[in-house]
Every structure is written in C-alpha cells, then in structure tokens.
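Here is the structure we will look at.
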Amino acid sequence: MGRIVLENVTKSFGETQVIPPLNLEIDDGEFAVFVGPSGCGKSTLLRLIAGLEDTTSGRILIDDADVTEVSPSKRGLSMVFQTYALYPHMTVRKNIAFPMRMAGLSEEEQEKRIMTAAESLNLVDYLDRKPGQLSGGQRQRVAIGRAIVRDPSAFLFDEPLSNLDAALRVGMRLEITEMHERMQTTMIYVTHDQVEAMTMANKIVVLRAGVIEQVGSPLELYRAPQNLFVAGFIGSPKMNLIDGPQAQKHGATTIGVRPEHIDVVESGGAWTGTVGVAEHLGSDTFFYVHGTGLAETLTVRAIGDVSLKHGDPIQLAPRATEIHRFDADGLRLP
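Take any residue in the sequence shown, count from 1 to its spot, add 1032: that is its number in this note's numbering.
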C-alpha cells in the first residue's frame, strides 16, 4: 500500500508562504512526477511528504493514516536524494545494509534483501567495492538499493539524476522506470526536466510558485494544457505561443502550436519566414524561423532531413486541428 493524500497543506517560512493551501491525491502504485521551474516548491512539497519539513497547516495521509505529526523514520517511506550520500569507508554491501542494521533485522534477512536489490540493480559484482571505485550511475544505483531494502510504502526521489552526465541520465531514467514496472510501488519523483516527467510518469503534477497548475497523465498535459504556463512548459521543444491578429482570427488572445504540428510546404503556406538556425539530426530537422511576423522565433520540427539551410525562405502550414487557444487570462478555451 502507498496511497498518499495531501489535504489543505500549507508551508510558510516566517512570513513567506511558499506552499498555499494545496490538495493532492497519489494513488497506490502510481509514478507521480512533480515538475516545474526552480523555486516552484516541488522539493519542499516532497520534503513535507517525507516529514523532513513540518507542515504549517493541513494534513498528510499515508494509507488513510494521518502522519502529519509522525517522524520521518516512522512514515514507511524511502528517499533518494540528488547527492548519493553513501558512506565512503563502507562497501556497497554495507551501504545497502545500513538501514536494515539500524532497524534491527537479522543477518539472514539483511543478506536476502541485499541480494534481491543487487540483482535487480545489476550490482552483484560490485558488492565488495567501495563508492570511490564506482561510476556515478553505479553509486546512484547503490543509493536506490539502500532505499529498496527498506520495503517502503512509497519511494521519494529528489532530482536523483541531476549529477549524472547526459548518457547516464538516460540509462538511469530507464532503470528507475523499469524498477517501478517490476515493483508497482508508489513513487514520487521531483525534477525540473520536463522530458524526464513525460517519459517516466503516469501522473504529472505541474507546479508554479507552490500552486498546482495541472495534474494529469503525460499525454493529457501534452494534448490539452489548461493554461499558458503548462502549454509553454510541457513539450520539447516547447510550444510556439502567438498572440495579436493571428490569434484573434481563431477567437483567442493567444494561440499555441507545437513545433511538430507545423508542416514545411513548398507553396501555399499560411506563414512564411526565413530559416535561421537549422539543426539536422537525421531523424528530424529543427528549424528556428525568423521574419514570420508572428513571433521573434518560430520553432518547427520536420521529420527526416529537410534540405533547407540558414537564410533560405520557408513556407509553413500549421495543422488546424492542433491549434491550442487561450483567453486573456491565459486559460484554455474549448
């Protein structure tokens, strides 16, 4: 079990309220990702759930039990931090065993859990090494293994991949996602990287200034962002946002079109401009188009290698069914 409910939770530091009244439900077995720009309150919210910060008001429930005043060690949660926080003088085996030794588990049970975690995380061959002899990705797997052996109700991840290089980030992202598929344990994951959010989560919580802007599956947020903030934050490259007369033609203050929903055409395009930077990636080509009169730069994603270069004229046709409309308050129009 690992259902987590926040009821009217707030957090203030002195006179500054960083989390206004907030309600959220995370069902048992969900992979929920808190995403948003730096300073949006996502790590603070995770620390409130973990018990590392005290709530100013409201309640936190885990499996229907009120844990608002319960110490972190008694909440049945395991947390993996951005820094590995491993003991450098201990072997991998002893690092993984540490929370079990503190809990008083038998040597036999400790070894059983260590081997299960090590096999799951491909660490069996490294159990007798010390952290200094491991790569960054291996050290992060040790930190995750230490969390697994506690058999928690839920795992909490606070930007665990931030210290890894790009290739390791992709590999660890897949490993954590596969781990969730195997274990089906509730996971809450904090990141500022919306690509991580889109690829890992089955529920995304988009935060801004401590306020939940939208909750939904990755495709729900991609297909139907409820406001301009979510529209501009979810998706890579981000959505093109256009206002003025072009938006008014569609009965909106602002319209949004994703780069992949703008077609490059030879003639008859609704929009024309000049290619600035062209990024030829083989499978895709990204154009950054100037001089359209719509936006300072319009981003376009074309499938395959399209042979246009810097300075070439370009004609564009946005797909009418993929235009998102927003009102003067930045809210989605039907």
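The C-beta atom is built at its ideal place from N, Cα and C for all residues, glycine as well. Here the structure is a predicted model, which is why all the values come from computation and not from measurement.
| query | What is the rounded straight-line gap between the Cα of Ala-1175 and the Cα of Glu-1057? | reply | 27 Å
- Message: Using only CA atoms, which one of Gly-1323, Ser-1339, Gly-1168 and Ile-1274 lies nearest to Leu-1313?
- Response: Ser-1339
Checklist line | Bridge-paired residues (DSSP) for Thr-1042 | finding: Ser-1089
Is the distance from the Cβ of Asp-1316 to the Cβ of Arg-1290 below 8 Å? no
| Quick one: is Tyr-1158 buried, meaning 16 or more other Cβ sit within 10 Å of its Cβ, or exposed? | buried
- Query: In its own chain, which residues sit with a C-beta less than 8 Å from the C-beta of Ala-1117, not counting the 5 before and 5 after it?
  - Reply: Ala-1175
**Asked** Over what stretch of residues does the beta strand (DSSP E) that includes Leu-1326 continue unbroken?
**Response** Unbroken run through Leu-1326: none, as it is neither H nor E.
Open item on the list: If you follow the beta strand (DSSP E) that Gln-1246 is in, where does it begin and where does it stop?
Closed with: 1243-1248
*From Glu-1354 to His-1293, what does the alpha carbon distance come to, in whole angstroms?*
7 Å
message: Helix, strand or coil for Asp-1059? Go by DSSP, reduced to three states.
response: coil
Sequence-distant residues of its chain with Cβ nearer than 6 Å to Arg-1351 (five each side left out): His-1293
Check: Where do the N-terminal and C-terminal ends of the beta strand (DSSP E) with Phe-1189 fall, by residue?
Finding: 1186-1190
| message | So if DSSP puts Arg-1364 in a beta bridge, which residue, or which two residues, is it bridged to? | response | Phe-1358
Taking only the alpha-carbon atoms, compute the straight-line gap between Asp-1098 and Gln-1258 and give it to the nearest angstrom. 32 Å
If you compare alpha carbons, which of Asp-1060, Val-1037 and Ala-1129 is closest to His-1212? Asp-1060
Could you compute how far the alpha carbon of Gln-1172 sits from the alpha carbon of Phe-1189?
11 Å
| message | Can you list, in chain order, the residues of its chain with a C-beta nearer than 7 Å to that of Gly-1267? Leave out the 5 residues immediately preceding and following it. | response | Tyr-1254 and Arg-1290
Rounded straight-line distance, which links the Cα of Gly-1300 to that of Leu-1206: 43 Å
Counted within 10 angstroms of its Cβ, other Cβ atoms place Ala-1310 as buried (16 or more) or exposed:
buried
- Message: Is the separation between the beta-carbon of Phe-1066 and that of Leu-1080 shorter than 8 Å?
- Response: no
- Just the Cα atoms here: how many angstroms apart are Met-1219 and Glu-1062? 6 Å
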